[in-house]
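Presented below is the structure to which this report refers.
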Amino acid sequence: MSTEALATNLLADAEHPVAALPTPFDDLASVIETHRSRIFRFLLASLHDSDLAETLTQETFLRAWNSRASFRGDCSVATWLTRIALNLVRDHTRTQRFRFWRRASAQAVDPTEIAAFLPHPDSLVESRLIASEQVSLLWQAVKTLSDRQRTIFLLRFVEEMDLTEIASATGIPLSTVKSHLYRALAHIRTRFAQTTRKSSL
Numbered sequence: 108m109s110t111e112a113l114a115t116n117l118l119a120d121a122e123h124p125v126a127a128l129p130t131p132f133d134d135l136a137s138v139i140e141t142h143r144s145r146i147f148r149f150l151l152a153s154l155h156d157s158d159l160a161e162t163l164t165q166e167t168f169l170r171a172w173n174s175r176a177s178f179r180g181d182c183s184v185a186t187w188l189t190r191i192a193l194n195l196v197r198d199h200t201r202t203q204r205f206r207f208w209r210r211a212s213a214q215a216v217d218p219t220e221i222a223a224f225l226p227h228p229d230s231l232v233e234s235r236l237i238a239s240e241q242v243s244l245l246w247q248a249v250k251t252l253s254d255r256q257r258t259i260f261l262l263r264f265v266e267e268m269d270l271t272e273i274a275s276a277t278g279i280p281l282s283t284v285k286s287h288l289y290r291a292l293a294h295i296r297t298r299f300a301q302t303t304r305k306s307s308l
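Under my numbering, residues 108 to 308 are what the sequence shown spells out, in order.
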């Protein structure tokens, strides 16, 4: 669905118009064009279901439009949309008893498709690890993280959000975000190394 078509459909489905001061969401088509692929990537990486990710992407923008009057500008539009998307994932997990990464396998999502969402390998040691050719082994390690560690990992390395943005989007204190990310990376390195050693025997 094109950006224009999505914007038109969302406006048609939206609740009654909100009389409020101008917000970035008044130009809904522009907001969707700028942020849609980013939100979809996050939802796809979280849920590993492209149809569900597309549905929740549209729901993210619909909720943003319906609640646009509450946008105070104390965070970026990207952070606000990510917060909405994250809440949708949490809602889905609660209502459907859905477990993150239940379908995290090469059959559910092509590893080459996941690799396209990852950072370029030139920046950080962590990025070089994540950009490894053995992507499927890496994501098997990622699925063993706790829900909170996995969410922070995705926001950092799939969404490439900085730690302050992650804290704002999740409502988790910055120091706790740092701690969870450190533990997640340590866990992934250990599991990844163990799996690699076993596969080389």
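Yeah, the Cβ is synthetic: ideal placement off N, Cα and C, and Gly gets one too.
Rounded to whole angstroms, the separation of the alpha carbons of Asp269 and Glu161 is 25 Å. DSSP, reduced to helix, strand and coil, places Phe147 within a helical segment of the structure shown. In this structure, DSSP gives Phe264 a helical state, which the three-state scheme calls helix. Contact annotation: the stretch 289–298 touches the stretch 243–262, with at least three C-beta pairs closer than 8 Å. Distance between Arg197 and Thr283, taken at the CA atoms: about 19 Å.
C-alpha of Phe299 to C-alpha of Arg257: approximately 15 Å in a straight line.
Here the alpha carbon of Leu163 sits roughly 12 Å from the alpha carbon of His155. Sixteen is the threshold: when 16 or more other Cβ atoms of the shown chains lie within 10 Å of the Cβ of Ser153, as they do, the residue is buried. At a Cβ-Cβ threshold of 8 Å, Ala276 and Thr186 count as neighbours.
Taking every protein chain shown into account, the CB of Gln165 has 16 or more other CB atoms within 10 angstroms, so this residue is buried. DSSP places Ala176 in no alpha helix (DSSP H); its state is neither H nor E.
Thr271: member of the alpha helix (DSSP H) spanning Leu270 to Thr277, first to last residue.
Here Leu281 is exposed, its C-beta having fewer than 16 other C-beta atoms within 10 Å.
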